[in-house]
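Read through the structure below, which is laid out as structure tokens, and then see the notes.
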Amino acid sequence: MCGIVGAVAQRDIAEILLEGLRRLEYRGYDSAGLAVVDSEGHMTRVRRLGKVQMLAQAVEEQPLHGGTGIAHTRWATHGEPSESNAHPHVSEHIVVVHNGIIENHEPLRALLQSRGYVFVTETDTEVIAHLVHWELEQGGTLREAVLRAIPQLRGAYGTVIMDTRDPGTLLAARSGSPLVIGLGMG
1 MCGIVGAVAQ RDIAEILLEG LRRLEYRGYD SAGLAVVDSE GHMTRVRRLG
51 KVQMLAQAVE EQPLHGGTGI AHTRWATHGE PSESNAHPHV SEHIVVVHNG
101 IIENHEPLRA LLQSRGYVFV TETDTEVIAH LVHWELEQGG TLREAVLRAI
151 PQLRGAYGTV IMDTRDPGTL LAARSGSPLV IGLGMG
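Here UniProt numbering is used: the first residue of the sequence shown is 1, the next is one more, and so on.
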């Protein structure tokens with residue numbers, strides 16, 4: 001199992017993301033990571049093998065500023081437990097976290113490699129990042145790109161996607177997995 005947290009706020013949200021991950025620790029995981037985007041579109045990503053506390057210590061050493069972000073605890077299914085396989089995964093300006101299994105990740109990986117994408121992880125999640133990036137490059141909005149990418153994925157999953165060029169926006173999608181979205185003020 002793993003957990004996903006996303007937040008958009010008018011203040012720095014790294015601590016909100018970390019608290020969300022702490023509340024999901026009971027689900028079991030082997031690594032954790034988060035990415036935060038500031039209002040200028042600058043993204044900072046921190047990933048660690050091990051417990052959320054290791055991630056929190058890294059964030060303390062390298063404070064993250066930004067009001068939009070996603071975070072993830074990972075239980076390895078594709079690729080070994082490692083910092084490089086920890087989420088979030090990035091394809092240029094697209095940042096993705098994912099829970100579940102993309103059953104057709106191997107043919108999608110081959111297709112995306114034939115289009116020039118270079119994979120740096122062993123995960124099925126990286127396929128989502130590159131696929132959304134590809135679809136966005138074909139034209140339209142991030143929402144339209146995600147709507148074109150999602151039907152190409154097979155499996156049970158939940159995912160949250162952000163584009164560093166559009167701070168303040170998160171897109172979420174699911175197939176066969178639960179997804180809860182909350183709304184708060186501030």
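Each residue gets a CB set at the ideal place from its N, CA and C atoms; glycine is no exception. If you're wondering where the values come from, they're calculated on a predicted model, not measured in any experiment.
As assigned by DSSP and simplified to three states, the class of residue i
i, result
"SER114", "helix"
"THR159", "strand"
"ILE150", "helix"
"ALA9", "coil"
"ILE16", "helix"
"ARG109", "helix"
"ARG143", "helix"
"GLY168", "coil"
"GLY3", "strand"
C-alpha distance - residue i paired with residue j, whole-angstrom precision
i, j, result
"residue 189", "VAL8", "With the chain covering 1 to 186 only, the question about residue 189 has no answer from this structure."
"THR159", "ILE4", "8 Å"
"ARG148", "GLU135", "7 Å"
"GLY33", "LEU131", "21 Å"
"GLU92", "VAL46", "16 Å"
"ILE161", "ILE94", "7 Å"
"GLU122", "ARG11", "34 Å"
"VAL127", "HIS72", "17 Å"
"VAL37", "ILE16", "14 Å"
"ALA42", "GLY69", "The sequence given here has His at residue 42, not Ala. If you take the alpha carbons of HIS42 and GLY69, they lie about 11 Å apart."
"GLY6", "LEU170", "8 Å"
"GLU137", "ALA58", "33 Å"
"ASP163", "ASN99", "19 Å"
"TRP75", "ARG27", "9 Å"
Extent of the continuous alpha helix (DSSP H) run through residue i
i, result
"residue 206", "Nothing about residue 206 can be read from this structure; the chain reaches only from 1 to 186."
Residue i, buried or exposed, once every other Cβ within 10 Å from all chains shown has been counted against 16
i, result
"ARG48", "buried"
"PRO88", "buried"
"THR77", "exposed"
"ALA173", "buried"
"THR141", "exposed"
"HIS133", "buried"
"VAL118", "exposed"
"ILE102", "buried"
"SER39", "exposed"
"residue 187", "Because the chain is modelled from 1 through 186, residue 187 falls outside the range shown and cannot be assessed."
"TYR29", "buried"
"ILE181", "exposed"
Residue range of the beta strand (DSSP E) that includes residue i
i, result
"PRO174", "As written in the sequence, residue 174 is Arg, which differs from the Pro given in the question. ARG174 -> beta strand (DSSP E) spans 171–175."
CB contact below 8 Å: residue i versus chain C
i, result
"GLU106", "Absence of chain C from the displayed structure is noted, only one protein chain being present."
Mind pulling the alpha helix (DSSP H) runs of 4 or more residues that sit fully within the stretch 21–107? The stretch 21–107 contains, as complete alpha helix (DSSP H) runs of 4+ residues, the segments 52–61 (chain order).
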